[in-house]
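The sequence shown begins at 0 in numbering that gives the first Met the number 0 and counts up by one.
Below is one structure, written out as structure tokens; comments come after it.
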Amino acid sequence: MRILVTGGSGFLGKSISDFFSKNGHEIIIFDKCKPQNLLDNQSFVKGDLFDEKSLEQALKNVEIVLHFAAQADIDYSEENPEETLENNIQGTINLLKKVKDLNLKRFFFSSSVYVNSKHGSFYGVSKQCCEKIIEEYSRRYGLDFTILRYGSLYGPNANEFNSISSIIESALSTKSIERSGDGEEIREYVFINDAAEMTYETLSEDYKNKHVFISGNQQIKVKDLLVMINEILGGDIKISYKEKDNNQLHYGITPYSYKINSAKRIVLKNFTDLGDGLLQVIQGISDKE
0 MRILVTGGSG FLGKSISDFF SKNGHEIIIF DKCKPQNLLD NQSFVKGDLF DEKSLEQALK
60 NVEIVLHFAA QADIDYSEEN PEETLENNIQ GTINLLKKVK DLNLKRFFFS SSVYVNSKHG
120 SFYGVSKQCC EKIIEEYSRR YGLDFTILRY GSLYGPNANE FNSISSIIES ALSTKSIERS
180 GDGEEIREYV FINDAAEMTY ETLSEDYKNK HVFISGNQQI KVKDLLVMIN EILGGDIKIS
240 YKEKDNNQLH YGITPYSYKI NSAKRIVLKN FTDLGDGLLQ VIQGISDKE
């Protein structure tokens with residue numbers, strides 16, 4: 000299939016683009032910045048969701064859309080609410096209008112397992128709103144969709160806003176890790192390659208007009224994660240905790256605290272072991288230095 004991936008130069012978008020390409024699909028990456036490496040069956044269109052001309056170019060002869068373009072940094076969204084809401088909500092509406100007019104096969108939307116949380120700043124609000132808008136487009140216009148609710152992603156090539164990458168970078172550069180909260184928060188981290196594989200599975204008709212939960216299979220307390228990272232790095236990292244900032248609670252609550260209506264969960268036969276995944280992140284960061 001010919002597939003458009005918005006935000007396809009980012010950590011999640013590029014990983015999924017590559018996985019789909021390696022499985023025989025033609026990928027059009029639509030983003031403001033060109034990715035470093037394009038595979039043979041990938042092409043790039045520069046633009047954003049407010050540039051109608053470039054958006055129409057990117058959508059030419061496309062069968063489905065995977066929408067990953069968004070302002071996703073929680074702290075930035077807290078400081079810039081208007082920009083966050085405009086980019087994430089109005090940008091999605093601009094794309095949906097085109098998808099509806101072209102009568103494409105399906106619209107995939109990148110959301111979060113924390114979408115029903117009371118925390119998560121304006122980023123969370125924007126995801127809640129977009130999910131409702133997509134559902135309404137489906138009811139009104141017959142748009143087929145799949146909403147992808149991702150857990151806590153990690154892996155090589157993540158940006159500085161990624162939780163595990165920032166922790167490891169701090170440990171490597173300062174021999175210390177400072178964490179908000181008490182470390183008792185429970186998370187399910189999902190390795191980026193596993194997330195890409197699970198996303199690929201949602202092409203199946205079984206996931207049409209569904210909300211899909213994409214996360215790891217191993218629950219771990221944050222304090223145990225930090226101990227694991229410390230042990231991998233030799234055991235000489237100073238770990239400390241500071242008073243929790245309520246704005247950061249989006250990252251401190253297991254998704255099982257919420258009732259995720261009609262969400263299906265994908266389980267892989269072989270998930271990446273957390274320790275092995277951490278080693279790959281460490282190696283990736285070390286290679287850049």
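Backbone N, C-alpha and C define an ideal beta-carbon position, used for all residues, glycine too.
Burial state of residue i, where buried means 16 or more other Cβ atoms lie within 10 Å
i, result
"serine 256", "For serine 256, the predicted structure reports a pLDDT of 44, less than 50, and the residue's modelled location is therefore unreliable. The matter cannot be settled from this model."
"glutamine 218", "exposed"
"asparagine 86", "buried"
"asparagine 115", "buried"
"aspartate 100", "exposed"
"glutamate 51", "exposed"
"glutamate 184", "buried"
"phenylalanine 49", "exposed"
"lysine 13", "buried"
"arginine 105", "buried"
"aspartate 286", "exposed"
"aspartate 74", "exposed"
Nearest-angstrom Cα separation, counted from residue j out to residue i
i, j, result
"phenylalanine 270", "glutamate 200", "14 Å"
"glutamate 130", "isoleucine 163", "27 Å"
"glutamate 81", "aspartate 143", "29 Å"
"tyrosine 153", "glycine 6", "17 Å"
"phenylalanine 19", "isoleucine 231", "32 Å"
"isoleucine 63", "glutamate 77", "32 Å"
"glutamine 35", "glutamine 282", "19 Å"
"cysteine 128", "proline 155", "31 Å"
"glycine 251", "arginine 1", "Interpretation of glycine 251 is limited by its pLDDT of 49, a score under 50 that renders its predicted location unreliable; the figure taken from the coordinates is listed afterwards. Cα-Cα distance, rounded: 38 Å."
"glycine 141", "valine 266", "29 Å"
"threonine 173", "glutamate 25", "43 Å"
"glutamate 204", "leucine 65", "15 Å"
"threonine 83", "serine 179", "24 Å"
"serine 165", "arginine 139", "43 Å"
"glutamate 242", "aspartate 181", "8 Å"
"leucine 273", "isoleucine 92", "37 Å"
"phenylalanine 67", "aspartate 275", "26 Å"
"serine 53", "valine 44", "7 Å"
"lysine 59", "glutamine 89", "21 Å"
Strand pairing of residue i, partner residues [DSSP]
i, result
"isoleucine 2", "Ile26, Ile63"
"arginine 148", "Ser110, Phe212"
"alanine 262", "His210"
"glutamate 177", "Ser239"
"serine 42", "Ile27"
CA nearest to the CA of residue i, picked from the options
i, options, result
"leucine 277", "Tyr240, Asn192, Asn115, Glu242", "Asn192"
"isoleucine 238", "Lys287, Phe160, Glu135, Ser169", "Ser169"
"leucine 289", "Ile73, Ala71, Glu77, Gln56", "Since the first and last residues shown for the chain are 0 and 288, residue 289 lies out of range."
"asparagine 161", "Val189, Gln89, Ile92", "Val189"
"aspartate 47", "Ser172, Lys126, Cys32", "Cys32"
"isoleucine 27", "Lys21, Gln41, Ser14", "Gln41"
"phenylalanine 10", "Gly90, Asn22, Ala194, Ile88", "Ala194"
"serine 175", "Gly234, Ile132, Ser120", "Gly234"
"aspartate 72", "Arg105, Val211, Glu159", "Glu159"
"valine 297", "Lys13, Met197, Asp17", "Within the shown structure, residues of the chain are numbered from 0 to 288, placing residue 297 beyond reach of any answer."
"lysine 222", "Val44, Asn208, Arg186, Ile213", "Arg186"
"serine 125", "Ser137, Glu135, Ser111", "Ser111"
"lysine 21", "Leu38, Ser8, Asp30, Phe29", "Leu38"
Backbone secondary structure at residue i - three-state DSSP
i, result
"phenylalanine 160", "coil"
"phenylalanine 18", "helix"
"isoleucine 92", "helix"
"glutamine 279", "helix"
"serine 53", "helix"
"isoleucine 236", "coil"
"lysine 131", "helix"
"phenylalanine 270", "coil"
"phenylalanine 10", "helix"
"glutamate 82", "helix"
"glutamate 168", "helix"
"glutamate 196", "helix"
"lysine 126", "helix"
"lysine 220", "strand"
"serine 256", "Residue confidence is low: serine 256 scores 44 on pLDDT, short of 50, so the model does not pin down where it sits. No coordinate-derived value is stated."
Proximity test, Cβ basis, 8 Å: residue i and chain B
i, result
"glutamate 230", "Looking for chain B here will not work: only one protein chain is present."
heavy atom of the ligand SAH below 7 Å from residue i C-beta
i, result
"isoleucine 176", "Absence of the ligand SAH is noted for the structure shown, with no ligands found whatsoever."
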